[in-house]
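S.K.:
2 protein chains.
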Amino acid sequence: MAENIYDYAYDLEKALRDHPDFVELKNMYDEVNNDPSSKQLFDNFRNMQLELQQKQMTGQQITEEEAQKAQQQVQLVQQHETISKLMAAEQRMSQLIQDINKIVTKPLEDLYGSPE
Amino acid sequence: MAENIYDYAYDLEKALRDHPDFVELKNMYDEVNNDPSSKQLFDNFRNMQLELQQKQMTGQQITEEEAQKAQQQVQLVQQHETISKLMAAEQRMSQLIQDINKIVTKPLEDLYGSPE
Ligand SMILES: [Ca+2]
Ligand SMILES: [Ca+2]
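Just so you know, the protein sequences line up as chains A and B, in that order. So the mapping is simple: this note's numbering equals the position in the first sequence, first residue as 1, plus 36. So the mapping is simple: this note's numbering equals the position in the second sequence, first residue as 1, plus 36.
(1) Taking the alpha-carbon of residue 118 of chain A as reference, which of A/106, A/77, A/138 has the nearest alpha-carbon?
(2) With three or more beta-carbon pairs closer than 8 Å as the criterion, would you say the region 121-137 of chain B touches the region 49-67 of chain B?
(3) Spell out a yes or no on whether the region 130-148 of chain A and the region 90-106 of chain B are touching, meaning 3 or more CB-CB pairs, one atom from each, closer than 8 Å.
(4) Considering just the uninterrupted stretch of the alpha helix (DSSP H) at residue 136 of chain A, what are its terminal residues?
(5) Of all Cβ atoms in chain B, is any one closer than 8 Å to the Cβ of residue 133 of chain A?
(6) Taking the continuous alpha helix (DSSP H) assigned at residue 66 of chain A, which residues delimit it?
(7) Of all the CB atoms in chain B, is at least one closer than 8 Å to the CB of residue 82 of chain A?
(8) Rounded to the nearest angstrom, what separates residue 84 of chain A and residue 98 of chain A at their Cα positions?
(9) Which residue comes first and which comes last in the alpha helix (DSSP H) that contains residue 89 of chain B?
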């Protein structure tokens with residue numbers, strides 16, 4: 037009997053959940069979030085990133101003070117072993133999801149042509 | 037031997053390519069694009085949609101004339117059997133991709149929480 041397309045999706049979901057990159061991501065995520073000072077540092081960093089992105093998107097000037105503060109936060113986060121590992125794991129996961137997505141939606145790319 | 041995650045992605049890609057909704061989408065897409073007058077009508081409709089969307093996103097007013105022209109185009113397209121079928125197939129495909137995506141990225145949703 038032919039498998040339903042959703043069965044293939046669930047198989048892929050399981051493979052993602054068991055993938056070493058996802059396991060590492062989850063471990064680092066839990067480690068950062070279960071340590072209040074790491075969590076605080078990471079939350080501050082993420083909030084600052086979001087703020088700067090929103091300013092850029094709405095065409096607002098970023099002050100020299102903000103740029104310096106951002107630089108300092110980046111350094112703090114880079115020196116923090118667990119947060120560095122979490123961010124590296126997030127990047128690998130993002131790449132993996134992108135690769136998977138490119139494979140799965142290939143039929144649509146073939147039909148419509150690749151996006152510019 | 038455990039399968040590679042990409043093998044699961046390729047299995048899902050094949051299931052999508054063989055799915056009746058994709059086959060129907062491809063047939064209707066080819067039918068519309070191989071008939072010059074259908075293609076012209078559909079291209080005009082899509083271009084108009086994009087133009088109105090861009091106006092809305094940049095906060096520009098849509099004139100009464102544009103709104104009327106848009107309404108006429110919608111009617112023409114709805115009365116066109118092949119284009120109607122193509123648009124219905126595109127909607128089903130979009131829903132299918134959304135459902136698949138939700139299944140596959142569930143591990144990340146479990147970790148980060150669902151987006152608001
Ligand atoms: Ca093409
Ligand atoms: Ca959660």
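Yeah, the Cβ is synthetic: ideal placement off N, Cα and C, and Gly gets one too.
M.R.: Here's the rundown:
(1) Along the first sequence, one-based indexing puts residue 118 of chain A at 82. Cα-wise, what sits closest to residue 118 of chain A is A/77.
(2) yes
(3) no
(4) As a working note, residue 136 of chain A is residue 100 in the first sequence. Here the alpha helix (DSSP H) through residue 136 of chain A covers 117-140.
(5) Locating residue 133 of chain A in the first sequence gives position 97, where the first residue counts as 1. So, interface residue.
(6) Position 30 of the first sequence holds residue 66 of chain A. 56-69 is the span of the alpha helix (DSSP H), which, as asked, contains residue 66 of chain A.
(7) On the first sequence, position 46 is the one that residue 82 of chain A refers to. Residue 82 of chain A does not count as touching chain B.
(8) Working through the first sequence from its first residue, we reach residue 84 of chain A at position 48. Working through the first sequence from its first residue, we reach residue 98 of chain A at position 62. About 12 Å.
(9) The count along the second sequence starts at 1 and reaches residue 89 of chain B at position 53. Run containing residue 89 of chain B: 72-93, per the alpha helix (DSSP H) assignment.
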